[in-house]
Amino acid sequence: MGAIYALVALGFVTISRASQIINFAQGEFVMLGGVATFFLLNGVRLPYPLAALIAVMIVVLVGFAMYLSVLYPLRKASILILIMATLGISIFLSSTSGLIFGTLPKALPPFTDEQPLMFWGISMLPQSVWVLVSTLVLLTFLYLLSHRTLLGKAMEASSTDPLGADLLGISRSLMVFLAFGVSAGVGAFAGILITPIFFTSYNSGTLLGLKGFIAAVLGGWGKNSGAILGGFVLGIVESLSLAFIPSGYKDAVAFVILLLILYFRPKGILGSPFIDSRRW
Amino acid sequence: MKNIVSLLSVLTLIFVVWTSPAHVAEKPYKIGVNLEFTGPWAEVTKTVKNAMVLEVERINKMGGIDGHLLELLFEDNGFDPGRAAANMTKFTADKEIIAIVGPFEDNLQATTRAIAEREKITNMIICPSNPMVRSLKQKWAFNIAQSDIIVSQKLVDLSLARKYKKVLVFHGAWPLAQSLANYYKAFGEEKGMKVIISQETHKPTDIDMTPQIIKLKPIIEKEKVDAFYACTGGPPGPIICKNLRTQGIKIPILGTHAFGFGFIIALGGEAMEGVEFPAAKPVVFDQLDENDPVRPVNIDFDKRFRDRYGVGADQLAGYGHDTIGLIYDALKRCQGKVTRATFREALENTKGLKSCHGIYNYSPTDHDGLSKTDMVFVRIEGGKFKRFKLPGFE
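Heads up: the sequence lines are chains A and B, in that order.
For the first sequence, my numbering begins at 40 and goes up steadily by one.
For the second sequence, my numbering begins at 1011 and goes up steadily by one.
Given below as structure tokens:
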């Protein structure tokens, strides 16, 4: 569970680093990834890897289209309006997916064998291992992208110092455009990874998006490592909480954590580049 | 001359109007359908709608009821209580509408049932999921479903026949699941079984039940439980089965009637193998006994449904079929002029109506219609629903 929150949180962070926008449609990218793969696999009958690849590409295109059609025309508006716009897109995407692909939940076959593996008395699905490994790979990839390439550095520059970035000739619109593509891709990938374990339906994106957002805040808003840490911490705390409180409150735990972190440590566990710690 | 021509033309006009079919045909009987055509139930309601349309067309082709055709009026309530109530009010305002079908969702139907009582119009509810609302004994509301009581009775029969002495119930935190769990315990303990209702519950939106199951595992091992009852419906069913098998818990799983949908097997895959539950007859209509009274109804309906829509009929299509069947049957039996009141009387006196889900018997004290004998035991085998019989328990 934690790995999924982490992947969603990663998507949030990628966009906010480039543009400071909080993209509430992030959960819908996850949903679209799973649902589109399901459609390509069972509707068009493509082989699994190809279906997954095309689904990721479709969702990346959706991410680009979302930026070009809604957010780019609104770029002069305040950040708050852009965030509201992403909420609208989120509702639009989930309803459209319900209309096109149907409203019943969907499951994908696991990548490999279904027999649970045993590690020191803890049983685990092979698919969970896939999720963990893929999360690590993606993290490494995003780390290299933002710290080792000119593109990533340009992305970060346009976020931390917009004026400076402009002066250096970095096209900020292009950076945000790319960030949307990357985060849509990460989201879609997460969706494909988790659909074999948890079922994806047209409206499952919202809750995943919110939990991912909480994970991102928990770990430290604006940090890739924070997103990953926050995701895992949130997943573990949620599962452990069941030992002490009735399971009906499971979803509430995440929101209580969000409130606590906002009261006592708004910059998150690892600290946030966006929130000035001196103010607190 | 000019006068004669105009007189002739007026006469011709009168003649044409007099003999035109519009004058001869009786007014159609209108039925309002207030369902969730958009939102989470969109696919479910589409099947129901298709089945209803198919049946109405068949009845109209046969000439309707004493020359009156049936007409369905559809309104989408968009999964919104306000709109469901508005649709209901709109339908009641149309004096030609005799009865209203739907909605599905608990809180929506609670509203429309209340309006039905106030406005004195029949409200037929498919699959009422909240037993508290279902059993209100309302005069104008009729239910088309296997109730929580008969499902629990049937499941107790199944457990007794399988000689399960101790069963652990893991139920959902919504009224129908809670009521199923309580009735199962009550009926089961009457027959000397030990039923443990778990303190842990789950919600319809839960996508991972592993934490709950890890907490239940010691109970299963300590108490030596014979079977695990996944008292739930929708996606949590397959999730629970998957999570149980992942945790290496191998005891038999019992399910509810809500397991009888193809998509449940598709979601759960291998983990669903061997799950047993009491099911509605349309789930396994081709495996019913040769002399089962509802077998021919189902086979005929499935064929027509398949010809028209390209997919076979399922439980939900069956509900659509039964709704129209009940309306048709009641309209035929209406004494004198068909009004909302006479229709209700006739519907309440439905006796022995053979339909897809079984034999419907309504009475002033029973608005549920079906009984325990309208269910069969089903087991999931090789990715298919397979009917089985147990000696002494059908």
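Think of the CB as a built atom: it goes at the ideal place given N, C-alpha and C, for glycine as much as any other residue.
On a predicted model such as this, the values are computed, not experimentally measured, just so you know.
Item: Selection of the stretch 221-239 of chain A by Cβ proximity to chain B, strictly under 7 Å; Value: F237 and F238
Item: Interface partners of S133(A) on chain B, CB under 8 Å; Value: Result: empty, since nearest Cβ-Cβ is about 11 Å, beyond 8 Å.
Item: Alpha-carbon to alpha-carbon, G1265(B) and V1235(B); Value: 16 Å
Item: When A1268(B), G1272(B) and I1217(B) are compared against I1249(B), the one with the closest alpha-carbon; Value: I1217(B)
Item: Buried versus exposed, by CB contacts within 10 Å (16 or more), H1367(B); Value: buried
Item: For N1117(B), the residue or residues it bridges with in DSSP; Value: None; N1117(B) has no bridge partner.
Item: Element boundaries [alpha helix (DSSP H), containing T1055(B)]; Value: A1052 to K1071
Item: Distance between beta carbons of V1388(B) and K1039(B), contact taken as under 8 Å; Value: According to the sequence shown, residue 1039(B) is Tyr rather than Lys. Not a contact, Cβ separation roughly 37 Å.
Item: Inter-residue spacing [alpha-carbon to alpha-carbon] between I209(A) and P1246(B); Value: 49 Å
Item: Within-8 Å CB hit, G310(A) to chain D; Value: In the structure shown, chain D does not exist; the protein chains are A and B.
Item: Test: D1218(B) CB closer than 8 Å to a CB of chain A; Value: yes
Item: Option nearest R1305(B) by Cα separation, candidates R1318(B), G1278(B), A1290(B) and Y1319(B); Value: A1290(B)
Item: Under 7 Å from the C-beta of E1053(B): neighbouring residues of chain A; Value: G141, T142 and L143
Item: Complete runs of the alpha helix (DSSP H) confined to the stretch 1323-1354 of chain B [at least 4 residues]; Value: 1325-1343
Item: Test item: CB-CB of L1336(B) and T1352(B) under 8 Å; Value: no
Item: Span of the beta strand (DSSP E), counted from its first residue to its last, around D1086(B); Value: L1080 to D1086
Item: CB contact below 8 Å: I1390(B) versus chain A; Value: no
Item: Buried versus exposed, by CB contacts within 10 Å (16 or more), T1375(B); Value: exposed
Item: Whole runs of the alpha helix (DSSP H) within the stretch 76-116 of chain A, excluding any shorter than 4 residues; Value: 87-105
Item: Under the three-state DSSP convention, the category Y1319(B) falls into; Value: helix
Item: Sequence-distant residues of the same chain with beta carbon closer than 6 Å to S173(A), five excluded per side; Value: L232
Item: Chain-order list of residues whose beta-carbon lies under 8 Å from that of M95(A) (same chain, five-residue window excluded); Value: Note that residue 95(A) is Val in the sequence shown, not Met. Closer than 8 Å at Cβ, skipping near neighbours: G72, G224, A227, F228 and I231.
Item: Run of the alpha helix (DSSP H) containing E1106(B), from where it starts to where it stops; Value: First-last for E1106(B): undefined, no H or E at that position.
Item: CB contact check: L1264(B) to chain A, cutoff 8 Å; Value: no
Item: Three-way DSSP call (helix, strand, coil) for E195(A) in this model; Value: helix
Item: DSSP three-state assignment for C1251(B), whether helix, strand or coil; Value: helix
Item: Proximity test, Cβ basis, 8 Å: N263(A) and chain B; Value: no
Item: Exposure label - A1151(B); buried when at least 16 CB within 10 Å; Value: buried
Item: Proximal chain A residues relative to F1273(B), where beta-carbon distance stays under 7 Å; Value: L143
Item: Spatial distance of I1075(B) from L1083(B) (CA atoms); Value: 18 Å
Item: Buried or exposed by the 16-neighbour rule on C-beta atoms within 10 Å, applied to P1292(B); Value: buried
Item: Short CB-CB distance (under 8 Å) between T1132(B) and chain A; Value: no
Item: Span separating the alpha-carbon of V256(A) from that of S58(A); Value: 16 Å
Item: Collapsed DSSP secondary structure at I54(A) in the structure displayed; Value: helix
Item: Between the CA atoms of L1186(B) and A293(A) - distance to the nearest angstrom; Value: 27 Å
Item: Residues within the stretch 1173-1206 of chain B neighbouring chain A, beta-carbon criterion of under 7 Å; Value: A1183
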